[in-house]
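Data first, discussion second: the structure below is written as structure tokens.
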Amino acid sequence: MSVTREEVAKIASLARINVDEKDLDHMVPEFNNILAWVEQLGEVDTSSVEPMTAVIEQKLRLRDDVVDADPLTGGGKRDAILANAPVAEHGFFGVPKVIE
Amino acid sequence: MTDLTSLGVREIRDGVANGAFSAVEVAEAFNAAVAAAAQLNAFIVTTPDHALEAAKKVDADRAAGKELGKMAGVPIGMKDLFATKHVQTTAASHILEGFKPEYESTVSQKLWDAGAGMLGKLNLDQFAMGSSNETSYFGDVANPWRRNDGGNAKLAPGGSSGGSSAAVAARIAPAATGTDTGGSIRQPAAFTGISGIKPTYGRCSRWGIVAFASSLDQAGPMARSVEDCAIMLEAMAGFDPKDSTSLELDVPAWAESLNADLKGKRVGIPREYRMDGTDEEILKSWDDGIAWLKDAGAEVVDISLPHTKYALPAYYIVAPAEASSNLARYDGVRYGLRDLPEKAGLQDMYAATRAAGFGDEVKRRILIGTYVLSAGFYDAYYTQAMKVRTLIQRDFEAAWEKCDFVLAPTTPTAAFPLGDKLDDPLAMYLNDVFSVPASLAGLPAMSVPAGLNKDGLPLGLQIVGPAFDEQAVLNAGLAIEQRAGFTAKPEKWW
Chain C
1 MSVTREEVAK IASLARINVD EKDLDHMVPE FNNILAWVEQ LGEVDTSSVE PMTAVIEQKL
61 RLRDDVVDAD PLTGGGKRDA ILANAPVAEH GFFGVPKVIE
Chain R
1 MTDLTSLGVR EIRDGVANGA FSAVEVAEAF NAAVAAAAQL NAFIVTTPDH ALEAAKKVDA
61 DRAAGKELGK MAGVPIGMKD LFATKHVQTT AASHILEGFK PEYESTVSQK LWDAGAGMLG
121 KLNLDQFAMG SSNETSYFGD VANPWRRNDG GNAKLAPGGS SGGSSAAVAA RIAPAATGTD
181 TGGSIRQPAA FTGISGIKPT YGRCSRWGIV AFASSLDQAG PMARSVEDCA IMLEAMAGFD
241 PKDSTSLELD VPAWAESLNA DLKGKRVGIP REYRMDGTDE EILKSWDDGI AWLKDAGAEV
301 VDISLPHTKY ALPAYYIVAP AEASSNLARY DGVRYGLRDL PEKAGLQDMY AATRAAGFGD
361 EVKRRILIGT YVLSAGFYDA YYTQAMKVRT LIQRDFEAAW EKCDFVLAPT TPTAAFPLGD
421 KLDDPLAMYL NDVFSVPASL AGLPAMSVPA GLNKDGLPLG LQIVGPAFDE QAVLNAGLAI
481 EQRAGFTAKP EKWW
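Protein chains in written order, with the UniProt record's numbering: chain C, 1 to 100; chain R, 1 to 494.
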């Protein structure tokens, strides 16, 4: 299977990455080379195999259902969370206007 | 007085503990070596004060008669993929340039708690995606090794942990942290003549490590001896409730239990790793390794890992798929770069920020990942790759019926010149052909130096063990280390 220039542009748009015509010139052949190479997986008979869900069998744990069960990942961290924001105002992340 | 920068982890720790030298003297010696090695470009930022403060504390603790940690007085390099509190953490990307975490990763915190200090944040391939350290936004790292042909062509230090491998090989750090998703500890270790181990998936907490492919990412140590790796891995490993896939197991005393006597052990030699076109010298070093393990008492058995050839293509579906999801968080809102063109809306801001902030290889993998997860293609690519992953794991499970560990080359070639494979992504991916199967199966695997090739460059041998059996891997690594007698080091040119 190979992808067209329009399809690569569509994928880039889904991934929220701007690409220009020049980017597409090299991206499309690279993309198709990689796809052609991974398609050898189609040779493998997997009809009786389950896809892997966990590489090491583990039980998912539940934490205690209390506020701030872990002080590092609990609440009350507003200023720390905003510390690296490109724009933060009034205790919130700032973004361009989304509703006219 | 001994040149302190020639010492490894155990030698430094023991020397500090018995008063042969102070931790501050060690930190100062390495800080100076780091400052003098800017040509290698191994560090993105240096943190001499962090190393010095940690050393002062160790010296004070010793003077007060307090018990010292496993890494007391050892200054290390920290791969810039680990979040370090108030110290820039970039994953070698533009999009995270200037990001100063408000928290410390579990693994780095454990190392500081064990008495280690930080020399700086080490360069790497951007978001750990690469095998040559050439995808970093902060420039290539130079391998301290050069070919013995008298030329001065710069060679790749491997990747993604290329800053780590270069720093340890150049003796500007006694040890460094690495992370391994498809070979990012083992391949750079092999390219620079050092040792490195990726433990069983889940041994080291992923909390605070910038995520690439979460079902594969594992941290591990890189150092110049098997024993140093064992000591440092003990300090890094351990259960962490903040990582949902952290193993709820005690950390074994790997260093104390090291034993190079392999009587009664069986080493498996996978026939599928003898691939067409593999470098003759790599095959010869593999034969040397087999002879050394036999000499250590191991029985050699021929084994088959039939799905080996499908591991790399499966990896290049699974890893980009997970990466495309993990890297969705970089949107110019919460941290890092924001590119807001004139009159742009929110969606335009996301797309502009990500176009400006990610390098070519990162974009390539995000796009591949987005494609293989998209409706209509998911089953053909992603589900099929995860089924193949099951088969690769079953191959190893069948192998453990016949052997206790596996010996193979780490890489198909020695270090190559910077720029050599930059225009051909597939040629670059093939570097990981021998390392990826163990990653897909979550198994402990290590690279140890085997010798030099005719160009005077180091070659590595890889040992893969069953899940949770890092000891088997370390023991076999030690048996090889004792017999390879690898004492060569790069001639200083930086």
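We treat Cβ as the ideally placed atom computed from N, Cα and C, and that holds for glycine.
As the structure is a prediction and not an experimental result, all values here were calculated from the model.
On the DSSP letters alone, give me the boundaries of the alpha helix (DSSP H) that residue i sits inside.
i: R/Phe43; result: No alpha helix (DSSP H) holds R/Phe43; the beta strand (DSSP E) holding it covers Phe43 to Thr46.
i: R/Val9; result: Val9 to Ala17
i: C/Phe31; result: Glu21 to Val38
i: R/Val24; result: Ala23 to Ala35
i: R/Leu440; result: Val436 to Leu440
i: R/Gln471; result: Glu470 to Ala484
i: R/Gln347; result: Leu346 to Gly357
i: C/Ile81; result: Arg78 to Leu82
Which residues in the same chain have their Cβ closer than 6 Å to the Cβ of residue i, if we skip the five residues on either side of it in sequence?
i: R/Arg365; result: Met129, Pro320 and Ala323
i: R/Ala116; result: Met71, Val74 and Ile76
i: R/Asp279; result: Thr413
i: R/Gly8; result: Pro174, Arg224, Ser225 and Asp228
i: R/Asp97; result: According to the sequence provided, residue 97 of chain R is Glu. The question's Asp does not apply to it. Same-chain partners within the cutoff: Thr90.
i: R/Leu119; result: Phe30, Val34, Ala51, Pro75, Gly77 and Ala173
i: R/Ser447; result: Arg186, Ala189, Ala190, Gly196, Thr410, Gly460 and Gln462
i: R/Lys265; result: Ala298 and Asp404
i: R/Ile368; result: Pro320
Any idea what DSSP makes of residue i, helix, strand or coil?
i: R/Pro306; result: coil
i: R/Gly451; result: strand
i: R/Thr84; result: strand
i: R/Glu280; result: helix
i: R/Arg266; result: strand
i: C/Glu89; result: strand
i: R/Ala223; result: strand
i: R/Met446; result: strand
i: R/Glu299; result: strand
i: C/Gln58; result: coil
i: R/Met71; result: coil
i: R/Cys158; result: It should be noted that the sequence gives Gly, not Cys, for residue 158 of chain R. The answer is coil: DSSP assigns R/Gly158 none of H, G, I, E or B.
i: R/Ile95; result: coil
i: R/Met78; result: strand
i: R/Pro425; result: helix
i: R/Pro341; result: coil
i: R/Pro320; result: helix
i: R/Pro313; result: helix
Within a Cβ cutoff of 8 Å, which residues of the same chain sit near residue i, ignoring the five residues on either side of it in sequence?
i: R/Ile209; result: Leu81, Phe82, Ala83, Ser105, Val107, Thr179, Asp217 and Ala219
Ends of the beta strand (DSSP E) at residue i?
i: C/Leu14; result: Element bounds for C/Leu14: not the beta strand (DSSP E) but the alpha helix (DSSP H), Arg5 to Leu14.
i: R/Leu459; result: Pro458 to Val464
For the putative contact between residue i and residue j, defined by C-beta atoms under 8 Å, what is the C-beta separation to the nearest angstrom?
i: R/Glu227; j: R/Arg10; result: 6 Å
i: R/Leu459; j: R/Ala472; result: Wrong, their Cβ atoms sit about 22 Å apart, outside the cutoff.
i: R/Val24; j: R/Leu52; result: 7 Å
i: R/Leu293; j: R/Ala479; result: 6 Å
i: R/Leu407; j: R/Val301; result: Wrong, their Cβ atoms sit about 11 Å apart, outside the cutoff.
i: R/Val251; j: R/Glu234; result: 6 Å
i: R/Thr200; j: R/Phe468; result: 5 Å
i: C/Val49; j: R/Thr390; result: 5 Å
i: R/Gly332; j: R/Tyr350; result: 6 Å
i: R/Gly359; j: R/Tyr137; result: 6 Å
Taking 7 Å as the limit between beta carbons, can you name the residues of its chain near residue i, skipping five residues before and five after?
i: R/Asp395; result: Leu305, Pro306 and His307
i: C/Arg78; result: Gly91
i: R/Ala230; result: Trp254, Ala255, Leu258 and Leu474
i: R/Ser246; result: Gly202, Ser205, Phe239 and Asp240
i: R/Pro425; result: Arg364
i: R/Ala441; result: Ile392, Gln393 and Phe396
i: R/Asp61; result: Leu68
i: R/Tyr371; result: Phe377
i: R/Tyr260; result: Checking the sequence shown, residue 260 of chain R turns out to be Ala, not Tyr. For R/Ala260, where only same-chain residues beyond five positions count, the Cβ hits under 7 Å are Ala296, Asn475, Leu478, Ala479 and Gln482.
i: R/Tyr330; result: Ile95, Gly336, Arg354 and Gly357
i: R/Asp59; result: Ser22, Ala23 and Val24
Cβ closer than 9 Å: which chain B residues qualify as neighbours of residue i?
i: C/Ile56; result: Of the protein chains in this structure, namely C and R, none is chain B.
Margin query: Quick check for students: name the residue ranges of the alpha helix (DSSP H) that lie wholly in the stretch 360 to 413 of chain R, counting only runs of 4 or more.
Written below: 360 to 372 and 384 to 399
Checklist line | Contained beta strand (DSSP E) runs [length at least 3] in the stretch 160 to 221 of chain R, N- to C-terminal order | finding: 175 to 180 and 195 to 198
Next item on the list: May I have a chain-ordered list of the beta strand (DSSP E) segments no shorter than 3 residues that lie completely inside the stretch 97 to 154 of chain R?
Entry: 117 to 122
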